[in-house]
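A.B. asks: Before I ask anything, let me first share the structure, which is written out below as structure tokens.
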Amino acid sequence: MDNRDFGIGAQILHDLNIHKLLLISNTEQTKRVGLIGYGLEIVDYVKY
1 MDNRDFGIGA QILHDLNIHK LLLISNTEQT KRVGLIGYGL EIVDYVKY
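Counting with UniProt numbering, you get residues 1 to 48 for the letters of the sequence shown.
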């Protein structure tokens, strides 16, 4: 279970008219279902 709160960051992205994201992560691909509620969509994952 992911207890992170994306609310403030999601509001900033919304104000900047950003709705689709590339997620950069060093972990395995995971679903971030909480982001959908903020109108954000992860279109791809980039591993570094």
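Glycine is no exception: its CB is placed at the ideal position from the N, C-alpha and C atoms.
Suppose the cutoff is 6 Å on Cβ atoms and the five residues either side in sequence are ignored; what does the same chain contact list for Val46 look like?
C.D. replies: Along the sequence shown, read from residue 1 onward, the residue named residue 46 stands at position 46. If we look at Val46 and ignore the five residues flanking it on each side, its Cβ neighbours are Leu22 and Ile24.
A.B. asks: Taking buried to mean at least 16 other C-beta atoms within 10 Å of its own C-beta, is Met1 buried or exposed?
C.D. replies: Numbered from its first residue, the sequence shown carries residue 1 at position 1. In this prediction, Met1 scores a pLDDT of 48, lower than 50, which makes its location untrustworthy; the coordinate-derived value is nonetheless stated afterwards. With fewer than 16 Cβ atoms within 10 Å of its Cβ, Met1 is classed as exposed.
A.B. asks: Applying the criterion that 16 or more other CB atoms from any shown protein chain within 10 Å of the CB defines a buried residue, is Leu40 buried or exposed?
C.D. replies: Counting from 1 along the sequence shown, the entry for residue 40 is found at position 40. Flag for Leu40 reads buried.
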